[in-house]
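Here the protein sequences line up with chains A and B, keeping their order. Just so we're aligned, residue 217 is where the first sequence starts under the working numbering, counting upward by one. Just so we're aligned, residue 7 is where the second sequence starts under the working numbering, counting upward by one. The beta-carbon is built from N, C-alpha and C at its ideal position, and this holds for glycine as well. Okay, structure first, notes after.
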Amino acid sequence: MKIRTKITILTGALILGTTFIVLGQYFLEKERLSDFLKEVTREEKDSFNLLVSLSSSNISTLARDYTFWDEMVEYVNNPDPIFAEENINEGVNVFNASSAYVYNIDKELVYAYDINHQVPFINFSKETLEELMRSRFTHFFARTNSNITEFSAATIHPTNDSERITKPQGLFIVGKHWDNNYISNLENLSGMSIIHEGEEIPNEEDSSIKFSYQILDKNNNIIETFTIVSPLPIFDDMQRASRNQLLFIIFSTLLMLFVIFISLNRLVGKPIESLSRSIKKKDIELMKKMQKSPSEFGVLAKLVLDFSEHELVLQSKAKDEAILSAVGSGLIAVDKEKRISLFNVAAEHLFGVNAKDALGKSVDSVFETRTHSGFSFSPEDFPLSKALREKKLVSETVQCITKDGKKFPAVITAAPVILNNEVIGAVQDLRDITSEEALEQSKRDFISLISHELRTPLTSLDWTVEKLESEKNLPLDIIESTIPYMRSSLNRIKTLVSAMIEVSKIESGSVITASNELEISVLIDNSIKELKPGIEAKKLKIEINDETDDKDTVLSDEKLLQIIINNLISNAVRYSNENGIVRINIKKDEKEFVIDIANTGEGIPEEEQSRIFSKMFRATNAKLISPDGVGLGLFISKSFLEKLGGSLTFLSIPNKETIFSIHLPVLRK
Amino acid sequence: MNSATNKENILIIEDDSNLVSLLSGRLESAGYKTEIATDGEKALIEIEKKPDLILLDIMLPKLSGLDVMKIIREKDEWGKKVPIIITSNLNPDDDHIISSVAKYSPAFYLVKANYSLEEIIEKIKSVLLTK
Chain A
217 MKIRTKITIL
227 TGALILGTTF
237 IVLGQYFLEK
247 ERLSDFLKEV
257 TREEKDSFNL
267 LVSLSSSNIS
277 TLARDYTFWD
287 EMVEYVNNPD
297 PIFAEENINE
307 GVNVFNASSA
317 YVYNIDKELV
327 YAYDINHQVP
337 FINFSKETLE
347 ELMRSRFTHF
357 FARTNSNITE
367 FSAATIHPTN
377 DSERITKPQG
387 LFIVGKHWDN
397 NYISNLENLS
407 GMSIIHEGEE
417 IPNEEDSSIK
427 FSYQILDKNN
437 NIIETFTIVS
447 PLPIFDDMQR
457 ASRNQLLFII
467 FSTLLMLFVI
477 FISLNRLVGK
487 PIESLSRSIK
497 KKDIELMKKM
507 QKSPSEFGVL
517 AKLVLDFSEH
527 ELVLQSKAKD
537 EAILSAVGSG
547 LIAVDKEKRI
557 SLFNVAAEHL
567 FGVNAKDALG
577 KSVDSVFETR
587 THSGFSFSPE
597 DFPLSKALRE
607 KKLVSETVQC
617 ITKDGKKFPA
627 VITAAPVILN
637 NEVIGAVQDL
647 RDITSEEALE
657 QSKRDFISLI
667 SHELRTPLTS
677 LDWTVEKLES
687 EKNLPLDIIE
697 STIPYMRSSL
707 NRIKTLVSAM
717 IEVSKIESGS
727 VITASNELEI
737 SVLIDNSIKE
747 LKPGIEAKKL
757 KIEINDETDD
767 KDTVLSDEKL
777 LQIIINNLIS
787 NAVRYSNENG
797 IVRINIKKDE
807 KEFVIDIANT
817 GEGIPEEEQS
827 RIFSKMFRAT
837 NAKLISPDGV
847 GLGLFISKSF
857 LEKLGGSLTF
867 LSIPNKETIF
877 SIHLPVLRK
Chain B
7 MNSATNKENI
17 LIIEDDSNLV
27 SLLSGRLESA
37 GYKTEIATDG
47 EKALIEIEKK
57 PDLILLDIML
67 PKLSGLDVMK
77 IIREKDEWGK
87 KVPIIITSNL
97 NPDDDHIISS
107 VAKYSPAFYL
117 VKANYSLEEI
127 IEKIKSVLLT
137 K
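And the structure:
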């Protein structure tokens, strides 16, 4: 994965992580706020309850106070309107109550008073009054007309019964109307809004605490449910602060991540991407631009450049070494002290020494150099020493002797290696010229052999002419007797010169063939006629067996085929034993003509058979049987036959028979 | 025409029949007695007659001139001293010819093609004189 992708993914993961943290924080904060809200709500509720109970303490105090007077007991039994007006009305007014009711022991209403003079008064049922009489104090709500009224009831006892253990003498009920005045008074005291059931809750901007306040009657039935709304600007501030804090965290984190992403991308992602792109595309120019950067990427780019240059140098060095290794001649490079620094494959082969064994060693310890004729060099005359000393190219033909004692002629070319006008070493190219010398030798041998072969008939002619010149008046028959010898000598010269020309043509590849329709038997007859003196001298028997029809003609080159047949029959005659047989067989099948020319005699020694077609090769026994001869006949015959698309094979059974077979393809005009 | 007084015997070892007849004819007319061997093996028979001088070709059938020369030189006292004139058309400048011929101390190495019959007679005479 690319580094920029990684950075992007990493940043994404960070954003995701941060979002989780922030959300967690947000919910925690929300929970904390909610807890706080509950707590505050509970407190507000308590304080409202306290306020309500405090407000109602007036009527309960009034009720308790008035019900253990002896006068009150007296009044219940014997109601006095003045007493009622002076005490009960007064009490209601002083205690800020709204109404008062007095009942006698028989639960008959004795007196009733209401500040609003609302008539009819509430009629408590007999059951309610009985119930109220049973407990000493009772606090309860009841709906009266349209209002809710809070009541506090107490049983009436004589003054001395402070514990109210005697039988109640009557019932005193004090009421307080929860009218609009009272409610707004409560609102003012608590700072909260009290909203009647069904009334719309004002939608204020500021958040507030809301809770229900239920008014229950004596039987715990809900008479009215108020909604109490307590404004809480602090909570709102807190909420806002918390939200703002959250937003700030989110925003700053995102900003930070964005900055990190951009910077990472710019500082790391981009340079790495362009570096890797330039490495991939081998964009040297871009890397050169990058290496100017003062950051680590500059160093990296420089490093890559250095490496690639180093790599190029190594590659070029490896290439150079491969080229030097591939050079066919032995290459040895030495330093100023003639210690070997390069020893190529050809040198390894020449000297039978591994390069790793030769490197670092003195060149003289690896092989010995002598003059071409085998004399030792004085150290300063070594071609390498000369090249190092005289700073010039030195070339000499020398003899090399390896550590194994192998000798071979070689041409050494030594050249100084000059760097900054200073000789730092030398390179020696060493070429084994064994094969060239062998070629030279074979040329010399050829010339020597040819000259010998030419000289003999020339001598014969020379001496004959000398004889004819010096001995005047020779009888005609003597003179005439010299003619066949001269003819024979001339023929030998002609044959030899022709052979030389033929060899030269073969070697230069300039043998030109014609296509003639030939009768092989005619060519054979020609040869035999020419070789008649030899055949007669050896008393040879010639057997010719022609299996072909008269119509079977060969399409080939007449001259070349005649030379081939001449050579082979002449060999058969030459190497046949006296009174031997020369057998010639001509046959033909679908593909080829085969002419077998066989002779009896010693044959070709088995160990020399493989070389029999080599130029100038003559079998050991052949040289002794017939010392004259240059060893060209078979070479020429085989070469010519191949040129004609045929081949020459042989089979030699020593001391029995030797058969040479000419194979010629059947060609059609 | 010169005539030899002592009638020295000269052995001609040469395989070319034409050269043999020309050489022997010329030597005999010069007053020498000649014997002829046309190959190495025949030469070994002829040397038993201990000729006074030998004309020896190198390239011979059956046994080469060099082998014949070695046998002569190792044969006996006569063999060690008898003058041998090499008559060969091989080039004496060739390294291997010089080295193989020299150790048998021939009286002379003569390239036939470069000598007339007359010159050969002169050479034989001078060699026999210094014998």
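message: Among the candidates A:E260, A:K608, A:V543 and A:V582, whose CA atom is the shortest distance from the CA of I444 of chain A?
response: If you number the first sequence from 1, residue 444 of chain A lands on position 228. The option with the nearest alpha carbon to I444 of chain A is A:E260.
- prompt: Can you tell me whether Q644 of chain A is buried or exposed, with buried defined as 16 or more other CB within 10 angstroms of its CB?
  reply: One-based indexing of the first sequence puts residue 644 of chain A at position 428. Counting the other Cβ atoms within 10 Å of the Cβ of Q644 of chain A gives 16 or more, which makes it buried.
query: Can a CB atom of chain B be found closer than 7 Å to the CB of Y701 of chain A?
result: As a working note, residue 701 of chain A is residue 485 in the first sequence. Yes - at least one Cβ of chain B is within 7 Å of the one on Y701 of chain A.
- request: Could you please give the first and the last residue of the uninterrupted alpha helix (DSSP H) stretch that includes L530 of chain A?
  value: As a first step, residue 530 of chain A must be located in the first sequence, where it is residue number 314. Segment E512 to A542, the alpha helix (DSSP H) holding L530 of chain A.
- prompt: Between the Cα of S676 of chain A and the Cα atoms of B:E14, B:I18, B:K39 and B:L29, which residue gives the shortest distance?
  reply: In the first sequence, residue 676 of chain A corresponds to position 460, counting from 1. Nearest option by C-alpha distance: B:L29.
query: Looking at chain A, which residues of the region 24-53 of chain B have a Cβ within less than 9 Å of any of its Cβ atoms?
result: Cβ contacts with chain A come from N24, L25, S27, L28, L29, G31, R32, S35, D45 and G46.
query: Between the region 670-690 of chain A and the region 115-129 of chain B, do at least 3 Cβ pairs fall closer than 8 Å?
result: Taking a contact to require three or more Cβ pairs closer than 8 Å, the region 670-690 of chain A and the region 115-129 of chain B qualify as touching.
query: Cα separation between E823 of chain A and K39 of chain B?
result: Reading the first sequence from its first residue, position 607 is the one you call residue 823 of chain A. Reading the second sequence from its first residue, position 33 is the one you call residue 39 of chain B. Roughly 45 Å separates the two Cα atoms.
task: Buried or exposed for H668 of chain A, please, with buried defined as at least 16 other CB atoms from any protein chain shown within 10 angstroms of its CB.
output: Taking the first sequence and counting its residues from 1, one reaches residue 668 of chain A at position 452. Per the 10 Å Cβ criterion, buried.
- prompt: Exposed or buried, what is K622 of chain A when buried is set at 16 or more other beta-carbons lying within 10 Å of its beta-carbon?
  reply: Along the first sequence, read from residue 1 onward, the residue named residue 622 of chain A stands at position 406. A residue is called buried when at least 16 other Cβ atoms come within 10 angstroms of its Cβ; K622 of chain A does not meet this threshold and is exposed.
task: Along the beta strand (DSSP E) that carries L348 of chain A, what are the first and last residues, could you check?
output: Numbered from 1 along the first sequence, position 132 holds the residue referred to as residue 348 of chain A. Going by DSSP, L348 of chain A is part of no beta strand (DSSP E) but of the alpha helix (DSSP H) stretching over K342 to R350.
task: Answer with yes or no whether the minimum CB distance from A119 of chain B to chain A is below 7 Å.
output: For the purposes of this step, residue 119 of chain B is taken as the residue at position 113 of the second sequence. Under the Cβ distance rule, A119 of chain B counts among the residues neighbouring chain A, one pair being separated by less than 7 Å.
- request: Assuming I709 of chain A and L684 of chain A form a contact by the criterion Cβ under 8 Å, report the distance between their Cβ atoms to the nearest whole angstrom.
  value: Here the question's residue 709 of chain A lines up with position 493 in the first sequence. Here the question's residue 684 of chain A lines up with position 468 in the first sequence. Not really, about 18 Å apart at Cβ, beyond 8 Å.
task: Would you mind sorting H393 of chain A into buried or exposed? The rule is 16 or more other CB atoms within 10 Å of its CB.
output: Position 177 of the first sequence, counting from 1, holds the residue named residue 393 of chain A. Buried.
Where R605 of chain A falls: helix, strand or coil (DSSP): On the first sequence, position 389 is the one that residue 605 of chain A refers to. In the three-state scheme derived from DSSP, where H, G and I count as helix and E and B as strand, R605 of chain A is classed as helix.
message: Counting only Cβ-Cβ distances shorter than 8 Å, please list the residues of the region 54-81 of chain B near chain A, keeping chain order.
response: Result list: M65, L66, P67, K68, L69 and S70.
query: Which ranges would you report for the beta strand (DSSP E) in the region 348-392 of chain A if only whole runs of at least 3 residues count?
result: If we require 3 residues or more, the beta strand (DSSP E) runs fully inside the region 348-392 of chain A come out as 353-360 and 363-372.
query: What separation, rounded to the nearest whole angstrom, lies between the Cα atoms of L706 of chain A and K48 of chain B?
result: Position 490 of the first sequence, counted from the start, is the residue given in the question as residue 706 of chain A. Position 42 of the second sequence, counted from the start, is the residue given in the question as residue 48 of chain B. If you take the alpha carbons of L706 of chain A and K48 of chain B, they lie about 28 Å apart.
- request: Mind reading off the beta-carbon distance from K804 of chain A to T769 of chain A? Whole number of angstroms is fine, and I expect it under 8 Å.
  value: Within the first sequence, residue 804 of chain A is the residue found at index 588, counting from 1. Within the first sequence, residue 769 of chain A is the residue found at index 553, counting from 1. About 10 Å; that fails the 8 Å criterion.
message: Could you check whether the Cβ of H526 of chain A sits closer than 7 Å to any Cβ belonging to chain B?
response: In the first sequence, the residue the question calls residue 526 of chain A occupies position 310. It does not: the Cβ of H526 of chain A has no partner Cβ on chain B nearer than 7 Å.
field: Identity of the residue in B:L116, B:I127, B:P98 and B:P112 nearest E34 of chain B by Cα
entry: For this step, residue 34 of chain B is matched to residue 28 along the second sequence. Distances from the CA of E34 of chain B to each of B:L116, B:I127, B:P98 and B:P112 were compared; the closest alpha carbon is that of B:I127.
message: Can you check whether the C-beta of L116 of chain B is within less than 7 Å of a C-beta belonging to chain A?
response: As a first step, residue 116 of chain B must be located in the second sequence, where it is residue number 110. Using beta-carbon distances, L116 of chain B does not count as an interface residue toward chain A, since no partner is under 7 Å.
- prompt: Where does S720 of chain A land, buried or exposed, given buried means 16+ other C-beta within 10 angstroms?
  reply: Along the first sequence, one-based indexing puts residue 720 of chain A at 504. By the Cβ neighbour-count rule, S720 of chain A is exposed, with fewer than 16 other Cβ atoms within 10 Å of its own.
task: With DSSP as the reference, label Q507 of chain A as helix, strand or coil.
output: By 1-based counting over the first sequence, the position of residue 507 of chain A is 291. Note: Q507 of chain A maps to coil in three-state DSSP.
query: Are the C-beta atoms of S589 of chain A and some chain B residue less than 7 Å apart?
result: Against the first sequence, residue 589 of chain A aligns to sequence position 373. At a cut-off of 7 Å between beta carbons, S589 of chain A makes no contact with chain B.
query: Using the beta-carbon of each residue, which ones in chain B are nearer than 8 Å to S667 of chain A?
result: Locating residue 667 of chain A in the first sequence gives position 451, where the first residue counts as 1. Under the 8 Å cutoff, chain B gives N95 and N97.
- prompt: What's the call for N787 of chain A, buried or exposed, on a 16-neighbour Cβ count within 10 Å?
  reply: In the first sequence, the residue the question calls residue 787 of chain A occupies position 571. Classification of N787 of chain A: buried, given that the 10 Å Cβ count is 16 or more.
- request: Could you check the C-alpha separation between S772 of chain A and L66 of chain B for me, to the nearest Å?
  value: The count along the first sequence starts at 1 and reaches residue 772 of chain A at position 556. The count along the second sequence starts at 1 and reaches residue 66 of chain B at position 60. If you take the alpha carbons of S772 of chain A and L66 of chain B, they lie about 39 Å apart.
Closest by C-alpha distance to I364 of chain A, when choosing among A:I439, A:V310 and A:F464: As a first step, residue 364 of chain A must be located in the first sequence, where it is residue number 148. With distances taken between Cα atoms, I364 of chain A lies closest to A:I439.
- request: Please list the partners that R671 of chain A has in chain B, where partner means a Cβ-to-Cβ separation under 8 Å.
  value: As a working note, residue 671 of chain A is residue 455 in the first sequence. Listed by position along chain B, the residues whose Cβ is nearer than 8 Å to that of R671 of chain A are N95, V117, K118 and A119.
- prompt: Where G796 of chain A and K754 of chain A are concerned, what is the direct C-alpha to C-alpha distance, given to the nearest angstrom?
  reply: In the first sequence, counting from the first residue as 1, residue 796 of chain A sits at position 580. In the first sequence, counting from the first residue as 1, residue 754 of chain A sits at position 538. Looking at the backbone, the Cα of G796 of chain A and that of K754 of chain A are separated by about 8 Å.
- request: Please compile the residues from chain A whose C-beta is within a distance smaller than 8 Å of the C-beta of S122 of chain B.
  value: As a working mapping, residue 122 of chain B is identified with position 116 in the second sequence. The answer, in chain order, is D678, W679 and E682.
message: Given this structure, state the Cα-to-Cα distance separating I728 of chain A from T618 of chain A, to the nearest angstrom.
response: Taking the first residue of the first sequence as position 1, residue 728 of chain A is located at position 512. Taking the first residue of the first sequence as position 1, residue 618 of chain A is located at position 402. Approximately 47 Å between the Cα atoms of the pair.
field: Contacts around F451 of chain A, its chain only, beta-carbon distance under 6 Å, and the 5 residues preceding and following it disregarded
entry: One-based indexing of the first sequence puts residue 451 of chain A at position 235. These residues qualify, in order along the chain: S423.
message: Quick check on A10 of chain B - is its C-beta less than 7 Å from some C-beta in chain A?
response: Sequence index remark: in the second sequence, residue 10 of chain B carries index 4 (1-based). Residue placement at A10 of chain B cannot be trusted, given a pLDDT of 45 that sits under 50; the coordinates are not used to answer.
- prompt: Ends of the alpha helix (DSSP H) at S704 of chain A?
  reply: The residue labelled residue 704 of chain A in the question sits at position 488 within the first sequence. It spans L692 to S724 - the alpha helix (DSSP H) in which S704 of chain A sits, taken as one unbroken run.
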